[in-house]
Structures are given as structure tokens and as C-alpha cells.
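The structure appears right after this line, and notes come after that.
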Amino acid sequence: MITMFATDLDGTLLKQNRYITKEDKQALQYLYHQGVDITIATGRSDREVQAVFKELDITGHRISQNGTFAFSKDNQEIYSHTFSNDVSVKLFDFLHRHEFPCLISNFDNIHYAKDMPVVQTLQPLFKTPLVFEPELKQSLHHDFATSKFMLLGDTEALLALETEINQLFPHDISTFLSAQQCLDVVPKGADKSHALQALLKRTKTDVQQTVSIGDSFNDTSMLSFTGYSYAMQEAPIFIRSHAQKVVRHVHEAITDLIDLDLA
1199 MITMFATDLD
1209 GTLLKQNRYI
1219 TKEDKQALQY
1229 LYHQGVDITI
1239 ATGRSDREVQ
1249 AVFKELDITG
1259 HRISQNGTFA
1269 FSKDNQEIYS
1279 HTFSNDVSVK
1289 LFDFLHRHEF
1299 PCLISNFDNI
1309 HYAKDMPVVQ
1319 TLQPLFKTPL
1329 VFEPELKQSL
1339 HHDFATSKFM
1349 LLGDTEALLA
1359 LETEINQLFP
1369 HDISTFLSAQ
1379 QCLDVVPKGA
1389 DKSHALQALL
1399 KRTKTDVQQT
1409 VSIGDSFNDT
1419 SMLSFTGYSY
1429 AMQEAPIFIR
1439 SHAQKVVRHV
1449 HEAITDLIDL
1459 DLA
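Heads up, the sequence shown is in this note's numbering, so the first residue is 1199 and it goes up one at a time.
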């Protein structure tokens, strides 16, 4: 029997990055009431994860910002991994020499330092307000605890930027595409599988009884790590190759687990 079910949000549980289907909600509630721990593992902020759990009308574990933070279902901090002030400022200076829209996260909020018209388009995709802070660079000097830089733009251009960033900051950062036109820059070693591993250790949960489901490059380590794994059908073939099975919806994965007498 499974004891934990870990799901990504965008492109997995959240359809069109905005809503949860009735079928997926009911399936997760079923697992929850069967005693299975539900974990959300996402690039989004902890506040957004809390909003999703409220929408699901259940409680669960929270892995946010691609593994930089992890909290248990009883709100105990399990894991935290942020940039030093010095690296944050250097990354800020480098990234703001480019024209890519840049969002900068700490635990509480998602910030931006340049007034960008694209924010009006982006805001509906987030469950919390984006915070405009013109003096953001000054905040980075004073325990801002930066957890993620998010760059938006053409995929090929982002991949070129990714190469340059990794050459300049080889010991300080990890990078990956969290969506087709979104490049995430997080502290070196931060990823969903590391945060999930810390969560499993704290909750004394067997990884072989843990399920994960996702659709993006930031999900591959998690999919390879857990005892059971599902990739979304629309995910690139590279991501699908890291999962044991492919499904169209979260509720299909849960139905499969029930059919296998695992839930």
C-alpha cells in the first residue's frame, strides 16, 4: 500500500496553470481519507501551495519553490535552502542586464524590481499578488533569503542564458526549465527530490511506498526517486522516460493505484 502521494502543480494538478478538475480533487480527497499523506511539490511559493490545499479542502505536506522549502502537514519546517546575500546581489545584477522579465522569490512573496507590462498577464496565473519593489536590490543585502529567480522568455534564448549563468556561477546555482518559457534559478543542490527525501526521513515514510507525478524538467529527480511514478502525457519524452507510467490526469494515476490494490 502507498503512504504518500506527491504531485506537481502546473501542467499536472493545475490545468492551464489555473484550475483543478473536479475529478482530480475528488481523487485526492479519496486518498486523503484513506490515510495517504498528500504532498504538493512545486515551483510556486508556499503561500500558493497553502491556497491549493484550501481549495482541495484537505491538509498536506508542502514542498515549494522547486525544493528550496519543505513544511510538514502540521506546519513544521523540514527543509530550507536559500541563496547567500552576496550571491543574490550578483545574480540580480547579472540578470537585470538582460531584457528577460525577472521575478525574485523569498519564502513569503514573489517580487519584481522593474515595472513590466507583462505582469498584468502573469498575475492571473498566480494565487498571491506579485509585489513590485523598485528598491529590491537593497533588500537583497539584508537577510531577504532569496530562494528563486524566475526568467521568462523564448525557450531558445533562455537556454542560451542558462549556459551563461552556469558558467558564471558554477558552484552557487542550479537551473532548469520549469515550463516551456520559464527558466528557474535556485540555490545549488535545491530540487524536489532532496526536499522530498528530507520529508520522508522526518515522517518515517518508505520511499518505496511513495508516489510522485509531474510533467516538467524540475520533476525528473522526484520521478526517478519514488517507488511509483507517473508522468503527464503532454510532458516531453525526456520527462516521460523518468516515470514508470504515463497518464493524462492526476485522477487516472490514482485510479491505477486503486486498481493495483495500492490505495
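Glycine included, every Cβ here is placed at the ideal spot set by N, Cα and C.
Query	Result
Within 10 Å of its beta-carbon, does Asn1264 have 16 or more other beta-carbons around it, so buried, or fewer, so exposed?	buried
What is the DSSP secondary structure of Leu1359, counted as helix, strand or coil?	helix
First and last residue of the beta strand (DSSP E) that includes Asp1235?	1235-1239
Using three-state DSSP, classify Lys1346 as helix, strand or coil.	strand
With DSSP collapsed to three states, give me the class of Leu1421.	helix
Given Glu1275, which residues of its chain have a CB within under 8 Å of its CB, disregarding the five upstream and five downstream residues?	Phe1267, Ala1268, Phe1269
Between which residues of its own chain and Asp1404 is the CB-CB distance below 8 Å, once the five residues before and five after are set aside?	Thr1201, Leu1398, Gly1425
Less than 8 Å separating the beta-carbons of Asp1222 and His1440?	no
Less than 7 Å between C-beta atoms, sequence neighbours within five positions excluded: which residues of the same chain meet that for Asn1304?	Phe1342, Ala1343, Thr1344, Ser1345
Exposed or buried, what is Ile1479 when buried is set at 16 or more other beta-carbons lying within 10 Å of its beta-carbon?	This structure does not reach residue 1479, given that the chain is present from 1199 up to 1461, and the question cannot be answered.
Would you call Lys1402 buried or exposed, if buried means 16 or more other Cβ atoms sit within 10 Å of its Cβ?	exposed
Which of helix, strand or coil does DSSP assign to Pro1322?	helix
Would you mind working out which of Ser1410, Ser1414, Asp1255, Asn1416 sits nearest Phe1203, comparing C-alpha positions?	Ser1410
According to DSSP, is Gly1265 helix, strand or coil?	helix
Just list the residues that DSSP pairs Leu1375 with in beta bridges.	Leu1381
Among Phe1330, Ser1337, Gln1248, Gln1232, which residue has its Cα nearest to the Cα of Ile1238?	Gln1248
Looking only at DSSP bridge pairs, what is Phe1203 linked to?	Ile1236, Val1409
Quick one: is Ala1433 buried, meaning 16 or more other Cβ sit within 10 Å of its Cβ, or exposed?	buried
Leaving aside the five residues before and after Ser1422 along the sequence, list all residues of the same chain whose C-beta is less than 6 Å from its C-beta, in chain order.	His1440
If you follow the beta strand (DSSP E) that Val1514 is part of, which residue opens it and which one closes it?	Since the first and last residues shown for the chain are 1199 and 1461, residue 1514 lies out of range.
Starting from Tyr1426, follow the beta strand (DSSP E) in both directions and report where the run begins and ends.	1426-1430
Is it the case that the segment 1317-1325 contacts the segment 1353-1373, given that we only count it when at least three CB pairs across the two stretches are under 8 Å?	no
Could you give the DSSP three-state label for Val1329: helix, strand or coil?	strand
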